[in-house]
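Quick notes on the structure that follows.
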Amino acid sequence: MEESLEIREAAIRHCRQLSLRWGDAVPYAELARGFPYKGAWIKLVGPQGVFKPKELTDGPLTLLSTLASSYEDEHLEGDEVLYDYAPRTREHENDGLKRIAASGRKVILLKQVKAKPRPEYMVFAPVAMLGFDDAARKVQLSLIGAQAEAAGIPAPVPAPFSKAYAETVVKARLHQAHFRRQTLAAYQERCCVCELRERPLLDAAHIVPDRLPEGVPTIRNGLAMCPTHHRAYDQAILLVTEDYRVEVRGDRLAHGESDATRRMLLDFHGRALWLPKEEALRPDPELLRKKIELAA
Ligand SMILES: [Zn+2]
Numbered sequence: 001m002e003e004s005l006e007i008r009e010a011a012i013r014h015c016r017q018l019s020l021r022w023g024d025a026v027p028y029a030e031l032a033r034g035f036p037y038k039g040a041w042i043k044l045v046g047p048q049g050v051f052k053p054k055e056l057t058d059g060p061l062t063l064l065s066t067l068a069s070s071y072e073d074e075h076l077e078g079d080e081v082l083y084d085y086a087p088r089t090r091e092h093e094n095d096g097l098k099r100i101a102a103s104g105r106k107v108i109l110l111k112q113v114k115a116k117p118r119p120e121y122m123v124f125a126p127v128a129m130l131g132f133d134d135a136a137r138k139v140q141l142s143l144i145g146a147q148a149e150a151a152g153i154p155a156p157v158p159a160p161f162s163k164a165y166a167e168t169v170v171k172a173r174l175h176q177a178h179f180r181r182q183t184l185a186a187y188q189e190r191c192c193v194c195e196l197r198e199r200p201l202l203d204a205a206h207i208v209p210d211r212l213p214e215g216v217p218t219i220r221n222g223l224a225m226c227p228t229h230h231r232a233y234d235q236a237i238l239l240v241t242e243d244y245r246v247e248v249r250g251d252r253l254a255h256g257e258s259d260a261t262r263r264m265l266l267d268f269h270g271r272a273l274w275l276p277k278e279e280a281l282r283p284d285p286e287l288l289r290k291k292i293e294l295a296a
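In terms of UniProt numbering, the sequence shown opens at residue 1 and continues consecutively.
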C-alpha cells in the first residue's frame, strides 16, 4: 500500500483508540503526543486548524475546530457539519483538502468541547468530505463513518437506517459534551456528593433520565458526580432531596454493613450537597422531586 495511505490509516486507528479510552473528552495533551507509526511518532495536530504532518504527501490529515459556545451553535445538519476553510493566505491547505476528497480518502475531525486551560476534544474518525462551498468558504463533513465504526458496524454502511442512526448518535454525543462541560464548570469539577475533584473521573448525571421527556441535557437537570455516585443515583440507591441533601437508601444495599459501603455511600446520608455558587445553576427542585417519584 502507498505509504501516505498507510500513515493515514494508522492515524485513524490511533484516534479511535483515544476515543475509546477517553470518551468524548480527549485531553489536548494526548493529541499533541501524536501517533505511532513504524517505531516513530508522527504529529497529529499543528498550530493551525488544518494540519498535514510532514510524513504525508497526499494532503491534510486533521481538522481542528474551536469551541462552540453552546449546542445551538454547532451548525449541525443531520450527521453533517460545516468546517471553515483555512484563510486565503493558506489556500494551498484548502486545495489539499479537495485533493484528499477527490481521492476518496478520509480525514479526522477534532472538535473542541472544553476551553483552556487543559482543553478537551471530541474525536471523529474517519470523516468524509462531501462538498466544498468556495463562496461561503466552508467544507461539508460527514460524521457517519465515525459513528458507524464506533458502533461496531463496518463502514460503508447501508443507508438509510444507518444514516438516521448516525444522526441520532452524533447529536447525542454533541449534546452530552456540552452538558458535561457546563455541568462540571458549574460544580467547579467536583462530585456533588463526595467532592472528588478529578475531571477525567467526573460525569454529568441527568436528574430525570434522558429517556423521559423532562430529561433534558440542561444544567438544572444535571449533577456533577463521580462514577460510583452517578451509578448509585441512576439506580436510586442514592437520591437528592429537594432541599439539596443526600439520601442513601440503606434498604437497597446488599452489603450495607461492609466498611467500603459505609465509607463510599452510607456516610454521606443526610449531608448537604456541594452546589454551584450561582442559584440559577442549581438543580431544579421540581426535577429532583420527579426523580424521587420515579424511584418509589
Ligand atoms: Zn462521588
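Ideal placement from N, C-alpha and C gives every residue a C-beta, glycine not left out.
How would you call L212, buried or exposed, if buried means at least 16 neighbouring beta carbons within 10 angstroms? Sequence index remark: in the sequence shown, residue 212 carries index 212 (1-based). The residue is exposed, with fewer than 16 neighbouring Cβ atoms inside 10 Å.
Using the beta-carbon count (16 or more within 10 Å), is L5 buried or exposed? Here the question's residue 5 lines up with position 5 in the sequence shown. With fewer than 16 other Cβ atoms within 10 Å, it is exposed.
Excluding the 5 residues preceding and the 5 following I108 in the sequence, name in chain order all residues of the same chain whose CB lies nearer than 6 Å to its CB. One-based indexing of the sequence shown puts residue 108 at position 108. Around I108: C15, T62 and A125.
Is it true that the stretch 137-148 meets the stretch 78-89, where meeting means three or more beta-carbon pairs spaced less than 8 Å apart? yes
Any non-hydrogen atom of ligand 1 within 6 Å of H269 CB: Within the sequence shown, the letter at position 269 stands for residue 269. H269 Cβ: outside cutoff for every heavy atom of ligand 1.
Rounded straight-line distance, which links the Cα of R21 to that of N94: Translated into the one-based positions of the sequence shown, residue 94 becomes position 94. Translated into the one-based positions of the sequence shown, residue 21 becomes position 21. Straight-line Cα distance between these residues: approximately 31 Å.
So is A280 buried or exposed if we call it buried at 16+ other beta carbons inside 10 Å? Residue numbering aside, residue 280 sits at position 280 when the sequence shown is read from its first letter. It is exposed - the Cβ of A280 has fewer than 16 other Cβ atoms within 10 Å.
Could you check how far apart the C-beta atoms of L288 and I207 are, in whole angstroms? I think they sit under 8 Å. Taking the first residue of the sequence shown as position 1, residue 288 is located at position 288. Taking the first residue of the sequence shown as position 1, residue 207 is located at position 207. Indeed, because the Cβ distance is near 6 Å, the residues count as touching under 8 Å.
Whose beta carbon lies closer than 7 Å to any heavy atom of ligand 1, going through the chain in order? C191, V193, C194, L196, M225, C226, T228 and H229
Pick out whichever of K52, R8, G46 and L18 has its Cα sitting closest to the Cα of K38. Your numbering for residue 38 matches position 38 in the sequence shown. Out of K52, R8, G46 and L18, R8 has the C-alpha closest to the C-alpha of K38.
In this structure, does DSSP put K43 in helix, strand or coil? As a working mapping, residue 43 is identified with position 43 in the sequence shown. The answer is coil: DSSP assigns K43 none of H, G, I, E or B.
In angstroms, rounded to a whole number, what distance separates the CA positions of A164 and F268? In the sequence shown, counting from the first residue as 1, residue 164 sits at position 164. In the sequence shown, counting from the first residue as 1, residue 268 sits at position 268. Their Cα atoms are separated by approximately 43 Å.
If you follow the alpha helix (DSSP H) that K98 is in, where does it begin and where does it stop? Position 98 of the sequence shown, counted from the first residue, corresponds to residue 98. Counting along the chain, the alpha helix (DSSP H) containing K98 begins and ends at E91 to A102.
Indicate whether at least one CB of chain B lies closer than 7 Å to the CB of A115. No chain B appears in this structure, which consists of one protein chain only.
Considering H206, what are the terminal residues of the beta strand (DSSP E) in which it resides? Residue numbering aside, residue 206 sits at position 206 when the sequence shown is read from its first letter. Where H206 is concerned, the enclosing beta strand (DSSP E) stretches over D203 to H206.
DSSP beta-bridge partners for Y165? On the sequence shown, position 165 is the one that residue 165 refers to. Per DSSP, none; premise fails for Y165.
Cβ contact check for the stretch 253-260 and the stretch 174-189: 3 or more pairs under 8 Å: no
Among the residues of its own chain, which have a CB less than 6 Å from the CB of I100, if the five just before and after it don't count? Looking up residue 100 in the sequence shown gives position 100. Same-chain partners within the cutoff: G59.
Relative to the C-alpha of K114, which candidate in L239, A172 and D24 has its C-alpha closest? Reading the sequence shown from its first residue, position 114 is the one you call residue 114. Here the closest residue by C-alpha is D24.
What does a CB cutoff of less than 6 Å around L196 pick up in its chain, not counting 5 residues either side in sequence? Within the sequence shown, the letter at position 196 stands for residue 196. Taken in chain order, the residues that qualify are C226.
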